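A short write-up of the structure that comes next.
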Amino acid sequence: QMLKDWVRREIGPIATPDHIQFAPALPKTRSGKIMRRILRKVAANEHDSLGDISTLADPAVVEDIINNRKNK
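Heads up, the sequence shown is in the working numbering, so the first residue is 1 and it goes up one at a time.
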């Protein structure tokens with residue numbers, strides 16, 4: 001709640017996140033780019049339609065994020 005309050009105060013109410021999830025790592029390609037498409041799908045609970053994840057440096061990160069999301 002403190003983080004949400006800080007965002008509301010510093011950036012504005014429009015930027016206040018609905019949900020905050022901490023993750024041990026982010027899904028990155030081998031070149032180091034964060035695959036935001038996968039993060040959006042996990043946030044929308046569209047785990048069955050993640051698309052091609054063969055370009056990820058560590059595909060196990062996606063499972064960790066999904067499991068962490070389900071446990072909340």
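C-beta atoms are modelled at their ideal positions from N, C-alpha and C, and glycine is treated no differently. Computed from a predicted structure; not experimentally measured.
Contact check, residue i vs residue j, beta carbons under 8 Å
{"i": "D58", "j": "A23", "result": "no"}
{"i": "I14", "j": "L3", "result": "no"}
Sheet register partners of residue i (DSSP bridge)
{"i": "K28", "result": "I34"}
{"i": "L39", "result": "The partner list for L39 (beta bridge, DSSP) is empty, contrary to what the question assumes."}
N- and C-terminal bounds of the alpha helix (DSSP H) containing residue i
{"i": "L3", "result": "2-10"}
{"i": "E63", "result": "60-70"}
Pairwise C-alpha distance: residue j and residue i
{"i": "R37", "j": "T55", "result": "13 Å"}
{"i": "P41", "j": "K33", "result": "Checking the displayed sequence, the identity of residue 41 turns out to be Lys instead of Pro. When rounded, the distance between both Cα atoms is 17 Å."}
{"i": "I65", "j": "E10", "result": "28 Å"}
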